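Engineer:
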Amino acid sequence: MLLREGVVLALNQIRAQKLKSFFAVLGVIIGVMFLITVVSVVEGMNKYMEEDFARKIYGLNTLTLTRRPNMDFSSDPDVWRTYQRRPRLTFKDADALRAELDYPALVAVESGAGGTLRSDRGVEVTNVQFTGASADFFRIRDLDIERGRGFTGPEDRAGVPVVVLGSEAADKLFGALDPLGRVVKIGNDPFRVIGVLKKQGSLFGFSMDNRAIAPSHSAMGRIVNPRGVVDNILVRPVDPENIESVKLGMQAVMRVRNQLRPMEQDNFSIETAEESLGFWKRIQKILLIAFPGLVSIALVVGGIVIMNIMLVSVTERTREIGLRKALGARRQDIHIQVLVESATLSLMGAVIGIILGLIGANIVAAVSPLPAAIAPVWIVASVVMGGGVGIVAGLYPAAKAAKLDPVVALRAE
Amino acid sequence: MSDPIIRIERMRKDYVIGSETVRALRGVDLRVERNEYVAIMGPSGSGKSTLMNLIGCLDTPSAGEYWLNSQAVAGKDDDELAHIRNREIGFVFQTFNLLPRATSLHNVELPLVYGGVPSRERRQRAETMLEKVGLGDRMKHKPSELSGGQRQRVAIARALINSPAILLADEPTGNLDSQTGNEIMALFDELHAIGQTIILVTHEHDIAERAHRTVTLRDGIIASDIVGGTVGYARAASSASDLTAAGA
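Top to bottom, those sequences are chains A and B. Numbered continuously in the numbering used here, the first sequence closes out at residue 569. Numbered continuously in the numbering used here, the second sequence closes out at residue 589.
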């Protein structure tokens, strides 16, 4: 019998028994739905981590020198005690790197803290991310200035009280007014606004635009850190090819400065965006192994349910099968008919599951900071799995139906 | 004389039920010529249904030979039998056996589906056949929307769609009132008149009388075979030994 005939038959059968069919494939629907939801969220986070997160935190092709790694989820208290004993980074470290690296590179310091920003009109914005940075910070971080300008090297060294605002901070403080040339206060220190950054978007639901960046030697330096101390030193080689060599150079310079003996471990960390993703890759691997595992359990259960429903269906239709055989259906015709019906049923479940899963992923994306990205590979995989479950579940009922003796089947009630 | 459409020789059928062997047919010889109209009668347990299943190629004999339309049937496997049923036999059942959710048209098409006929041709042939049985205006109706007589007409159209060698009807009027039953029997007469070979299994004498030949089974053998009121080819109480003796 033609395959098309079987599909039409299967659809009629499903249409005739909508509720029963729905319950038959509920397991498949739920399994596929969760698979698609989870995978979409994981995939979305993955994309996010690689494209947004790492770049926004670390910048592209940038080496970040810190006292301790930003991304360390170790729970070992000894490790944390070691980090605490490490010396803090200073402006002098940055100067030394600038002077001693063998390859041309941009070097900037960066220190951060949170606080409240006040406009000359008395408007207050809280939870602003303050950054004290060198002039090259903007270039290293690819921060584009929408209006006005960034501060210069001389301005930084002289500690001129100027500030570049994030777009959100600027909006909140000044609304429709032009912020350029206006004065904002951090504590009691006034800063003149010279630029506004292009909108950056958010990271895990936290705005990247509610910020203020001022020269590291201005009053901002004291606000964010004790005098002379910085959080990070950013180094971006002019030629990205040199990143490994520059990293080794930084390590050498810092080991000398910190007077480490050859056998001693580094008492500083140098990170890149790529390395920072290591922890995330581990989480992702676990998620992508564990979840499909759980889902396949759901699919096995779903398959067993379908098998049972198909067995009932075959029993109910014994007489019909007998008739079909009397009219000339061969074993394989009956076999294919049952398999196609089972596969169609399961495929419909998978399709419903995919749709619900995508809706679920979008709901998760809407109500939480987690992003969602549709992964076509997993949609194809779900369809294949759905069909596969249906075919496997249909094998036994199909064999049973095909083997029916027409004489006995025709006599059945 | 041309080959008979049915030639059965020394056919036996045993059923094993638990430790007992039931000998349903104990050596049946039967010849049916083209365009004969034969009624098979007999009390329940006489082997009537068994013979019908064997003639209909739904079952295979335990022993003996069966030629249907010059093809040897005994010893064929399931799929070969399915093919023979599809081509050579048109079944009409007491309970109609239509697919309840399918239209008349689709029910009539069904044998063509298994015969591998393309859908356009299937449809045309099914429409023509339904018109022939007087249901040209009921093609899109489902069995539940049809009367008993109409359902049986759909079943007859389905039986005839592949121009079978024999029309095999099992109590075709058993579920119909007498008037509708007569209409169906009149349709059988017409079919016979245009050359169709018909085998009718029934236990009703007035139905059997419409056939031109009546074969009566008793205890698994043919007890009588009467053609137009006279003794026919197989003769009463025919047995394998008789035939062998006659042949020798």
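Ideal placement from N, C-alpha and C gives every residue a C-beta, glycine not left out. Predicted model only: the values in this text are computed from it and were never measured.
Please list, in chain order, all residues of the same chain as B:Thr469 whose beta carbon is under 7 Å from its beta carbon, the five residues on each side excluded.
Structural biologist: Taken in chain order, the list of residues that qualify is empty.
Engineer: Name the two residues that bound the continuous beta strand (DSSP E) containing B:Ala415.
Structural biologist: Looking at the DSSP string, B:Ala415 is not in any beta strand (DSSP E), and its letter there is neither H nor E.
Engineer: When you compare each of A:Met410, A:Val456, A:Arg383, A:Arg277 to A:Ser425 by their alpha carbons, which one comes out closest?
Structural biologist: Of the candidates A:Met410, A:Val456, A:Arg383, A:Arg277, the one whose C-alpha sits nearest the C-alpha of A:Ser425 is A:Met410.
Engineer: Cβ atoms of A:Thr218 and A:Arg392: under 8 Å apart, would you say?
Structural biologist: Cβ distance < 8 Å, so A:Arg392 and A:Thr218 count as in contact.
Engineer: Taking Cβ to Cβ, would you say B:Met382 is nearer than 8 Å to B:Asp511?
Structural biologist: No; because the gap between Cβ atoms is not below 8 Å, this pair is not in contact.
Engineer: From A:Ser597 to A:Thr308, what distance separates their C-alpha atoms?
Structural biologist: The structure shown does not extend to residue 597 of chain A, since chain A is modelled only from 157 through 569, so no value can be given for it.
Engineer: Buried or exposed: which applies to A:Leu175, given that a residue is buried once 16 or more other Cβ atoms fall within 10 Å of its Cβ?
Structural biologist: By the neighbour-count rule (16 or more Cβ atoms within 10 Å), A:Leu175 is not buried but exposed.
Engineer: Grab me the residues of A:Met504's own chain with a C-beta within less than 6 Å of its C-beta, minus the 5 sequence neighbours each way, in chain order.
Structural biologist: Once the five neighbours on either side are set aside, A:Met504 has no close Cβ partner at all.
Engineer: Based on Cα-Cα distance, which residue from B:Arg463, B:Gln493, B:Asp344 lies nearest to B:Val433?
Structural biologist: It is B:Gln493 whose Cα lies nearest to the Cα of B:Val433.
Engineer: Using C-beta distances below 7 Å, list every residue in its chain close to A:Tyr552, excluding the 5 sequence neighbours before and after it, in chain order.
Structural biologist: So the qualifying residues of the chain are Met463.
Engineer: For B:Gly490, count neighbouring Cβ atoms within 10 angstroms of its own Cβ and tell me buried if that reaches 16, exposed if not.
Structural biologist: Looking at its Cβ environment, which holds 16 or more other Cβ atoms inside 10 Å, B:Gly490 is buried.
Engineer: Using a Cβ-Cβ cut-off of 6 Å (strictly less than) and excluding sequence neighbours within five positions of A:Thr222, which residues of its own chain qualify?
Structural biologist: Here the set comprises Asn388, Ser425.
Engineer: Verify the CB distance criterion: does B:Asp583 have a CB-CB separation below 8 Å to chain A?
Structural biologist: Any answer about B:Asp583 is weak, because its pLDDT of 44 lies below 50 and its placement is not dependable; what the coordinates show is given next. For B:Asp583, the answer is no, since every Cβ of chain A falls outside 8 Å of its Cβ.
Engineer: Since B:Val458 is in the beta strand (DSSP E), which residue starts that stretch and which ends it?
Structural biologist: First-last for B:Val458: undefined, no H or E at that position.
Engineer: Note down the Cα distance separating B:Leu440 from B:Leu422, rounded to an integer number of angstroms.
Structural biologist: Roughly 22 Å between the two C-alpha positions.
Engineer: Take every Cβ of the region 464-479 of chain B, pair it with every Cβ of the region 166-182 of chain A, and state whether three or more of those distances are shorter than 8 Å.
Structural biologist: In short, these stretches do not touch, since the Cβ pair count stays below three.
Engineer: Curious, which full-length alpha helix (DSSP H) runs of at least 4 residues does the region 361-404 of chain B contain?
Structural biologist: The region 361-404 of chain B contains these whole alpha helix (DSSP H) runs: 389-396.
Engineer: Strictly below 9 Å CB to CB, what residues from chain A border B:Asn516?
Structural biologist: Those do not exist, as B:Asn516 stays about 14 Å from chain A at its closest Cβ, beyond 9 Å.
Engineer: Does any residue of chain B have a CB that is nearer than 8 Å to the CB of A:Ile170?
Structural biologist: Judged by the 8 Å Cβ criterion, A:Ile170 is not in contact with chain B.
Engineer: Looking only at C-alpha atoms, which of A:Gly543, A:Pro532, A:Arg475, A:Val318 sits nearest to A:Leu501?
Structural biologist: Out of A:Gly543, A:Pro532, A:Arg475, A:Val318, A:Gly543 has the C-alpha closest to the C-alpha of A:Leu501.
Engineer: Kindly indicate if chain A contains any beta-carbon less than 8 Å away from that of B:His424.
Structural biologist: It does: the Cβ of B:His424 has a partner Cβ on chain A nearer than 8 Å.
Engineer: For the region 472-500 of chain A, which residues have a beta carbon sitting closer than 9 Å to at least one beta carbon of chain B?
Structural biologist: Listed in sequence order: Arg475, Glu476, Gly478, Leu479, Arg480, Lys481, Ala482, Leu483, Gly484, Ala485, Arg486, Arg487, Gln488, Asp489.
Engineer: In whole angstroms, what is the alpha-carbon distance linking B:Val357 and B:Val363?
Structural biologist: One C-alpha to the other measures close to 6 Å.
Engineer: Please give me, in chain order, every unbroken run of the beta strand (DSSP E) with length at least 3 that falls completely inside the region 428-489 of chain A.
Structural biologist: Segments of the beta strand (DSSP E) lying fully in the region 428-489 of chain A: there are none.
Engineer: From the DSSP output, in three-state form, read off B:Lys354 for me.
Structural biologist: Strand.
Engineer: Do the CB positions of B:Ala467 and B:Glu486 come within less than 8 Å of each other?
Structural biologist: For B:Ala467 and B:Glu486, no; Cβs fall outside 8 Å.
Engineer: Around the C-beta of A:Asn202, are 16 or more other C-beta atoms found within 10 angstroms, so that it is buried, or is it exposed?
Structural biologist: It counts as buried.
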